[in-house]
Amino acid sequence: PGVMACKRGALIVLEGVDKAGKTTQCNKLVQALQQSGRPVEMMRFPDRTTTIGKLISAYLEKKSDLEDHTVHLLFSANRWELVPLMKKKLEQGTTLVVDRYAFSGVAFTSAKPGFCLDWCKQPDVGLPKPDLVMFLQLSPAEAALRGQFGEERYETSVFQRTVQQKFEQLMKDPSVNWQVIDAAQGVDEVHKDITNYSLNAINIAQNLPLGELWK
Ligand code: TMP
Ligand code: MG
Numbered sequence: 381p382g383v384m385a386c387k388r389g390a391l392i393v394l395e396g397v398d399k400a401g402k403t404t405q406c407n408k409l410v411q412a413l414q415q416s417g418r419p420v421e422m423m424r425f426p427d428r429t430t431t432i433g434k435l436i437s438a439y440l441e442k443k444s445d446l447e448d449h450t451v452h453l454l455f456s457a458n459r460w461e462l463v464p465l466m467k468k469k470l471e472q473g474t475t476l477v478v479d480r481y482a483f484s485g486v487a488f489t490s491a492k493p494g495f496c497l498d499w500c501k502q503p504d505v506g507l508p509k510p511d512l513v514m515f516l517q518l519s520p521a522e523a524a525l526r527g528q529f530g531e532e533r534y535e536t537s538v539f540q541r542t543v544q545q546k547f548e549q550l551m552k553d554p555s556v557n558w559q560v561i562d563a564a565q566g567v568d569e570v571h572k573d574i575t576n577y578s579l580n581a582i583n584i585a586q587n588l589p590l591g592e593l594w595k
């Protein structure tokens, strides 16, 4: 008898502006999938633990300055360096829940003057394509109610508004499976929506090959 092909895991990404609750919801989703007996792991970008990630982290903490194109390419390189691991996990049947991905990469850099969406996308073309990207939608007014912004680079309401507009442009691309989640709901309602979309994506992905992003 031939070896049965193992059903692959799904690549699930959460995106959204600051304070939308991405990290909380990633943790809750991982916990729920674990409890239902599904193999799952969480990842986040930037992954600040690698050599490249440490350069990015110092930049975000304003401990160093980097030229804008350079830091964009470092964020992308930080994803590419984890691709072999991601592919291995997915092939083994593990679902990956990812806190930010290439969409943050494009939305944040293209919010800077002089950067177009298309240039920003190029370095990430061909990355593993998410089976599902959930955008946690929160109006700037709602975000303001959740308190002050942090001290890191990009954490200002003016910049975040531009980032939001860039995400909206990215969401017009029908080649990506976007789902908009109303992040102004309570934590448990948001979690319920996210879990439903995720279970559906896991079922569909297991019989499909992993795609290539923006290709
Ligand atoms: P974090 O707060 O989720 O750790 O994200 C760090 C910041 O980095 C956040 O402001 C979004 C930004 N970012 C980029 O500018 N480019 C990227 O590719 C990613 C993943 C995040
Ligand atoms: Mg942050």
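All letters in the sequence shown, in the order written, are residues 381 to 595 by the UniProt record's numbering.
From the three backbone atoms N, C-alpha and C, an ideal C-beta is built for every residue, glycine too.
(request) Since I believe K509 is in contact with G389 (beta carbons under 8 Å), could you give me their beta-carbon distance rounded to a whole number of angstroms? (result) Not a contact, Cβ separation roughly 14 Å.
(request) Measure the CB-CB distance between V486 and V556 and report whether it falls below 8 Å. (result) no
(request) Ignore the nearest five residues each way along the sequence and tell me which others in I574's own chain have a CB closer than 7 Å to its CB. (result) Q405, L409, M514, I561
(request) List the whole-angstrom C-beta distance separating T475 from H452, where the pair is believed to meet the contact cut-off of C-beta under 8 Å. (result) The Cβ separation is near 28 Å, so there is no contact.
(request) Compute the Euclidean distance between the alpha carbons of T429 and V478, then round it to the nearest angstrom. (result) 15 Å
(request) Quick one: residues in its chain with C-beta nearer than 7 Å to the C-beta of K595, no 5 flanking neighbours on either side, listed in chain order? (result) So the list reads V505, G506, once near-sequence residues are dropped.
(request) Could you check the C-alpha separation between Q544 and A482 for me, to the nearest Å? (result) 15 Å
(request) Output the distance between the C-alpha atoms of residue 641 and E531, rounded to the nearest integer angstrom. (result) Because residue 641 is not part of the residues shown, which for the chain are 381 to 595, the question remains open.
(message) Taking its Cβ as the centre, do 16 or more other Cβ atoms sit within 10 Å of A521, making it buried, or is it exposed?
(response) exposed
(message) Given the structure, does S555 come close to ligand 1, in the sense that its CB is under 7 Å from one of the ligand's heavy atoms?
(response) no
(request) Output the boundary residues of the alpha helix (DSSP H) element that contains V556. (result) Where V556 is concerned, there is no enclosing alpha helix (DSSP H), because DSSP gives it neither an H nor an E.
(message) With a threshold of 8 Å on Cβ separation, who are the neighbours of A400 within its own chain once the five nearest residues in sequence on each side are excluded?
(response) L516, Q517, L518, A523, A563
(request) List the residues that DSSP assigns as beta-bridge partners of F515. (result) E395, V560
(request) In angstroms with no decimal places, state the Cα-to-Cα distance between E592 and D398. (result) 27 Å
(message) Just to confirm the assignment, what range does the beta strand (DSSP E) spanning V505 have?
(response) Careful: V505 lies outside any beta strand (DSSP E) and carries neither H nor E.
(request) Give a yes or no on whether the C-beta atoms belonging to K387 and D448 are separated by under 8 Å. (result) no
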